[in-house]
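Protein chains in written order, with the numbering used here: chain R, 1 to 557; chain G, 1001 to 1257.
Shown next, in the form of structure tokens:
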């Protein structure tokens, strides 16, 4: 006699059956929890998206950082001769947007922004695209009581995005050396003139452990899910067993509906795990976080080995990757410190001074011998850290891809060349397509002066202090090591619009990001023309977003 | 005539700590009135790796009007003017964890003009000159007793400049206002350009010249060349045995390329 399943097959009954008799209950529990979290995030029904930023100070040696090719497919061969070589294995997942300019550049003649300070106004405006206040109109002002304390008049990108995307409404800001930032180095503003404080490794890791699935050793099913196997695959045998039951047409329809639901949510359910095991695999453990978060006075915490293979900075990357995997926060910023002494790299001059090719804080004088070699060392170190972050994210299966694939992971640098303080020709590199939103495996020249040209300039970072001795002079006010200000000026605001749209941030009818809005983001910030920042908020009549919209050239389709 | 910051030669010798790795420690004399660093035991160190010419010679860390406040005196121990200089600092606890960071611009009593043909005016600290700074805008609340180390860096521009007449302060007097005190005096614009939003920052100091706090006067007037502004600061606690006053303001008309 064939067993007839005559009872109504409601959702609870089905889950109880699967959870109690067929599928490991802890796994299902995590499925439902994960699905519930994912549904509150953009991309619900698919792989959750994350925006992960690595931010470093003082620019780079542009000639070596950028590939020679400035437009076209990006290959490992393009990267190998550059300081980006550690990223070569990931070339197919990278996007280099070329020719971008950040807003509010400091110059000695106040030609492209406010006159406060070469760093204060830059970091304040970088992610806000807002001027800073109080304004200073004299680049060498004697109104010093306020000029260094200037803060932007609006919130930064991480907060604008987190207000719409994060359960907490705030981003996860990791200070990778456990440092605190002041207005000359801080990049994250929760509101006008409100500097946001980041976390050290210990604090950040503590915030994650509460999300771990406790007392649940990894079952084969959980492991399979971590490896990217969909839930429908895991329970296929059980569903097939149920399907063999003699059941009513209605129940058959319900079973089919459940199979369809599992197919739809399978990618979510099989998304990255949030377990201590994954943390251990990445290196994000309590012990490592404690070591990385130890006091930093007088020591180089970034390069100090915490494990055989990971240094202090890598531990922060591991925590960022684990946070992404846990869906703890879809907006994660990793902020590297300013004024850092890379003792572990054998560099005994502080990084800001080195960026000026000097052995002191004077911004002008005799070249520090081998300064360019030191800067290349620092550039390579940062690249290796970004590559390690990318590798971690790419090692965590998520749906049909990896956490990296579903993310936009971007390395931003404060400026182009550190001595010139120029904000055009910015070194920016992105990994991951944000779930197919962006092109990858590509360099895209966005420069309006040389559109799509494959031979745009890589700058002039190697135009001074190259002979390794102190026989030359260098001057931080002349911008001699920068890039011609007329080139590589595509406004960063538009790239921020790309990133917001990729993540699912919505705008109001005016195109500016707005919680509760329904439109695509087409505008961000005070102005997308750096000259509009001269004189500060309201000083230039007609300051506005002159070129609304994102960079269509960066879109996958 | 503006009060000038005078430190006895013997004290200056003691204070000459230009080494990057040399820490000053809050020890003091017989009392706070003779102490160069307060609180006692606080270590004050230049960030290793090339701080440059500006060295902290006295520092007070105490509760200010809106959280922790640092008042510091720095001296240019180099041979070139240090222009548009800042005092960037980070506070650490005993276990060397960072507690907070802040920054302030170094005030100056002397003015310079760039020799690059731009005509730009710069505020610089000349060789041997002492300057002061107040940092009161820390991003976080910090308990003073938790602070064990202050690490600072003073970035500046080593510009090619020549001294010019600038803003001067004269007839500074401390006057009683209720339970506290204010400072009055006159600011004169000796520059060849108009100055708007003039201000005067007065630091009461102890016997060895350590700044103890600040009083500020801010104006909304525009001072033409030669113009005078009679000021009175806000009322503060009556501190110290002397005071030092620094002028500031904004160039009323912009120099554009």
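Each residue gets a CB set at the ideal place from its N, CA and C atoms; glycine is no exception.
Distance between residue 1237 of chain G and residue 1179 of chain G (C-alpha atoms, nearest Å): Taking the straight line from one Cα to the other gives about 7 Å.
Residues bridged to residue 444 of chain R [DSSP beta-bridge criterion]: According to DSSP, residue 444 of chain R bridges with R/97.
Interface flag, residue 1144 of chain G vs chain R, CB-CB below 9 Å: No, because no Cβ of chain R sits closer than 9 Å to the Cβ of residue 1144 of chain G.
Residues that residue 1151 of chain G contacts on chain R, provided the C-beta gap is smaller than 7 Å: The contacting residues are 297.
Beta-carbon contacts of residue 469 of chain R that lie in its chain and below 6 Å, excluding the five residues immediately before and after: Apart from the 5 residues on each side of it in sequence, residue 469 of chain R sits with its Cβ closer than 6 Å to the Cβ of 369 in its chain, given in chain order.
Local conformation of residue 126 of chain R per DSSP, three classes: In this structure, residue 126 of chain R counts as helix in the three-state DSSP scheme.
Assigned exposure category for residue 294 of chain R - 16 Cβ within 10 Å defines buried: With at least 16 other beta carbons inside 10 angstroms of its own, residue 294 of chain R counts as buried.
Residue 1249 of chain G at chain R interface by Cβ criterion, 9 Å: Answer yes: the Cβ-Cβ gap between residue 1249 of chain G and chain R drops below 9 Å somewhere.
Proximal chain R residues relative to residue 1121 of chain G, where beta-carbon distance stays under 9 Å: Residues of chain R passing the Cβ test: 138, 140, 141, 142.
Residue-level contact to chain G via CB, residue 57 of chain R, 9 Å cutoff: Cβ-Cβ to chain G under 9 Å: no for residue 57 of chain R.
Residues bridged to residue 431 of chain R [DSSP beta-bridge criterion]: DSSP, once it has assigned bridges, lists R/94, R/409 as partnering residue 431 of chain R.
Residue interval of the beta strand (DSSP E) (run including residue 1232 of chain G): Residue range 1228 to 1232 is occupied by the beta strand (DSSP E) that includes residue 1232 of chain G.
CB contact flag (residue 1099 of chain G, residue 1142 of chain G, <9 Å): Contact flag set, yes.
Own chain residues within Cβ distance below 6 Å of residue 478 of chain R, not counting five before or after: Within the same chain, no residue comes within 6 Å of residue 478 of chain R by CB-CB distance, once the 5 residues on both sides are set aside.
Rounded separation between residue 1111 of chain G and residue 1150 of chain G - CA only: Straight across, the Cα-Cα distance linking residue 1111 of chain G with residue 1150 of chain G is about 29 Å.
Proximity winner among R/312, R/321, R/458, R/311, relative to residue 276 of chain R (alpha-carbon distances): Selected option, being the one with the closest Cα: R/321.
Reduced DSSP category for residue 381 of chain R - H, G, I as helix; E, B as strand; rest coil: Residue state, collapsed to three classes: helix.
Reference residue 553 of chain R; option with closest CA among R/531, R/504, R/490, R/513: It is R/490.
Beta-carbon contacts of residue 619 of chain R that lie in its chain and below 7 Å, excluding the five residues immediately before and after: In this structure chain R extends from 1 to 557, so residue 619 of chain R is not present and cannot be described.
Of the listed residues R/58, R/348, R/81, nearest to residue 68 of chain R (C-alpha basis): With distances taken between Cα atoms, residue 68 of chain R lies closest to R/81.
Selected residue, minimal CA-CA separation from residue 1153 of chain G, among G/1044, G/1043, G/1051, G/1080: Among G/1044, G/1043, G/1051, G/1080, the Cα nearest to that of residue 1153 of chain G belongs to G/1051.
CB contact check: residue 22 of chain R to chain G, cutoff 9 Å: Confidence at residue 22 of chain R is low in this model, with a pLDDT of 33, below 50, so its placement is unreliable and no value can be given for it.
Residues of the stretch 1042 to 1054 of chain G with Cβ closer than 9 Å to any Cβ of chain R, in chain order: For chain R, the residues of the stretch 1042 to 1054 of chain G that bring a beta carbon within less than 9 Å of one of its beta carbons are 1045, 1047, 1048, 1049, 1050, 1051, 1052, 1053, 1054, in chain order.
DSSP-derived helix/strand/coil call for residue 25 of chain R: Its pLDDT being 27, under 50, residue 25 of chain R is placed unreliably in this model, and the value from its coordinates should be taken loosely. It is helical.
Exposed unless 16 or more other CB atoms sit within 10 angstroms - verdict on residue 1014 of chain G: Residue confidence for residue 1014 of chain G is low, a pLDDT of 31 falling below 50, so the modelled location carries little weight and cannot support an answer.
Boundaries (first-last residue) of the alpha helix (DSSP H) holding residue 317 of chain R: Counting along the chain, the alpha helix (DSSP H) containing residue 317 of chain R begins and ends at 312 to 325.
Residue 1247 of chain G - DSSP class collapsed to helix/strand/coil: For residue 1247 of chain G, the three-state secondary structure derived from DSSP is strand.
According to DSSP, residues forming a beta bridge with residue 1076 of chain G: Looking at the DSSP output, residue 1076 of chain G bridges to G/1054.
Proximity to residue 962 of chain G [Cα-Cα], best of G/1138, G/1217, G/1242: Chain G is shown from 1001 up to 1257; residue 962 of chain G falls before or after that span and cannot be answered.
Three-state secondary structure (DSSP) of residue 1173 of chain G: In this structure, residue 1173 of chain G counts as strand in the three-state DSSP scheme.
C-beta atoms of residue 481 of chain R and residue 474 of chain R nearer than 9 Å: Contact flag set, yes.
Candidates G/1083, G/1251, G/1078: closest to residue 1124 of chain G by CA position: The alpha carbon of residue 1124 of chain G has as its nearest neighbour, out of G/1083, G/1251, G/1078, the alpha carbon of G/1083.
Residue closest to residue 502 of chain R, alpha-carbon to alpha-carbon, out of R/510, R/522, R/509: Checking every option, the nearest Cα to that of residue 502 of chain R belongs to R/522.
Contacts of residue 1103 of chain G in chain R (Cβ-Cβ under 7 Å): Below the 7 Å Cβ cutoff, chain R contributes 148, 149, 182, 183, 184 as neighbours of residue 1103 of chain G, in chain order.
Chain A residues whose Cβ lies nearer than 8 Å to that of residue 1157 of chain G: Although the question refers to chain A, the structure presented lacks it and instead comprises the protein chains R and G.
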